[in-house]
Amino acid sequence: MGRIPCCEKDNVKRGQWTPEEDNKLSSYIAQHGTRNWRLIPKNAGLQRCGKSCRLRWTNYLRPDLKHGQFTVDEEHAIVKLHSVVGNRWSLIAAQLPGRTDNDVKNHWNTKLKKKLSGMGIDPVTHKPFSHLMAEIATTLAPPQVANLAEAALGCFKDEMLHLLTKKRIDFQLQQSGGTSSLNDNSAAAYNSSKQEVKDDTIDRIRMGLSRAIIQEPEIIPSDKPWDSTGATSTSFVFPASVSGFHYGASSFGNENNGSPWSQCTGSTCPAGDERGHLHGKLKDENGEESEGKEVRDGSSIFNSDCVLWDLPSDDLINPMV
DNA sequence: AAAGTCTTCAACCGCACGACT
DNA sequence: AAGTCGTGCGGTTGAAGACTT
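Numbering of the first sequence is given in full-length UniProt numbering, commencing with residue 1 and proceeding in unit increments.
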């Protein structure tokens, strides 16, 4: 027996909300509050599904919402919180006044993910790509490592070639005295250099991957890098090939180098698994580990004795008690 | 200027959970 | 205990605008 739908789909309007609909909903909620979303559209004279009304209110019409660009501080907070709780947007949004889970999710997917990738950091694990490769390589036999490198090369080759080629061409054009228009000769040069870049780039990628794999990472006890019980704020020491990596404030256009943000390196994240999700092991209020079931409101994440990522609960705007 | 591609973000969908009966 | 209901959540979609060719 399935549950009945929240509304008659044939009789409800979908898509963009009009200012008139917004007014109707806002003024109804101002008068009657937000009890029983199923009845709200009917009573407010809207041909909308209750769920749609709730979404419109919580994500757009609520008077306490902040519209517009995310600040650098907000971005730092999002990435830092994401490294702890993963894709739990409502938890993250709860720490950012005036932002909704939808806002945070959209901003993450459209901007922050790319930013991190651009910095050489895997946005899922919050580890540097090269470190991931090194970490995997330590658990594989050499033939498997070679296969992995080949596979990785296949996956990223096109994208990397595109980026590297573009950069190189731009650089060459700059070097050639700023002649920006491509005449026949320069077009030929472009094409030949493109080929040259392609070959050269593959070699460079191969070398980079090999280095990443061969290099022994100086990491915290490798037997249980994700262990939540022994959580410390130990900083991860990256091999030389990835030195300089950090969620540096300057990388996000902020000079606040002393921020806890810049210390969050991802590799010691005690709470995430390989997909950025939380482990079930969290301490309950009695200090007992509770395994398996994730805590939906996340309160135990931020209030547990376990210090996560230099993120003391005092720093949190909404401790979600 | 037009066509094609990319990016953004509001809105939708289905699922899960807790409260209630 | 089982079913129903209201709500919250995270993933996905698609329209619209921005950008590139």
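Yeah, the Cβ is synthetic: ideal placement off N, Cα and C, and Gly gets one too.
Length of the line joining the Cα atoms of residue i and residue j
{"i": "L25", "j": "I121", "result": "43 Å"}
{"i": "T110", "j": "S90", "result": "17 Å"}
{"i": "A134", "j": "R56", "result": "46 Å"}
{"i": "N147", "j": "E75", "result": "37 Å"}
{"i": "E20", "j": "R14", "result": "14 Å"}
{"i": "G118", "j": "V84", "result": "21 Å"}
{"i": "R38", "j": "I29", "result": "13 Å"}
{"i": "C53", "j": "T139", "result": "51 Å"}
{"i": "R35", "j": "K114", "result": "39 Å"}
{"i": "A141", "j": "Q16", "result": "55 Å"}
{"i": "N23", "j": "N102", "result": "22 Å"}
{"i": "R88", "j": "W108", "result": "12 Å"}
{"i": "S27", "j": "P63", "result": "12 Å"}
{"i": "G86", "j": "N106", "result": "14 Å"}
{"i": "F129", "j": "H67", "result": "34 Å"}
{"i": "A77", "j": "K127", "result": "17 Å"}
{"i": "Q69", "j": "Q144", "result": "45 Å"}
{"i": "C264", "j": "L61", "result": "Because the pLDDT of C264 is 36, which lies under 50, any placement of that residue in the model is unreliable, and the question is left without a value."}
{"i": "Q31", "j": "T18", "result": "20 Å"}
Whole-number beta carbon distance between residue j and residue i, since they are thought to touch under 8 Å
{"i": "T100", "j": "N59", "result": "5 Å"}
{"i": "L125", "j": "L132", "result": "One detail in the question is off: residue 125 reads as Thr in this sequence, not Leu. With 8 Å as the limit, T125 and L132 qualify as a contact, their Cβ atoms being about 7 Å apart."}
{"i": "Q95", "j": "L112", "result": "Not a contact, Cβ separation roughly 15 Å."}
{"i": "V12", "j": "R48", "result": "6 Å"}
{"i": "L65", "j": "G98", "result": "5 Å"}
Contact check, residue i vs residue j, beta carbons under 7 Å
{"i": "P41", "j": "G50", "result": "yes"}
{"i": "V79", "j": "I92", "result": "no"}
Residue span of the alpha helix (DSSP H) that contains residue i, given as start and end
{"i": "R54", "result": "G50 to R56"}
{"i": "W89", "result": "W89 to A93"}
{"i": "V85", "result": "V72 to V85"}
{"i": "D64", "result": "Unbroken run through D64: none, as it is neither H nor E."}
{"i": "N106", "result": "D101 to H107"}
{"i": "L140", "result": "L140 -> no alpha helix (DSSP H), and no H or E assigned at all."}
{"i": "N23", "result": "P19 to H32"}
{"i": "P41", "result": "I40 to A44"}
Residues sharing a beta bridge with residue i, DSSP
{"i": "P128", "result": "I121"}
heavy atom of the ligand GDP below 6 Å from residue i C-beta
{"i": "G45", "result": "This structure lacks the ligand GDP; in fact it carries no ligand of any kind."}
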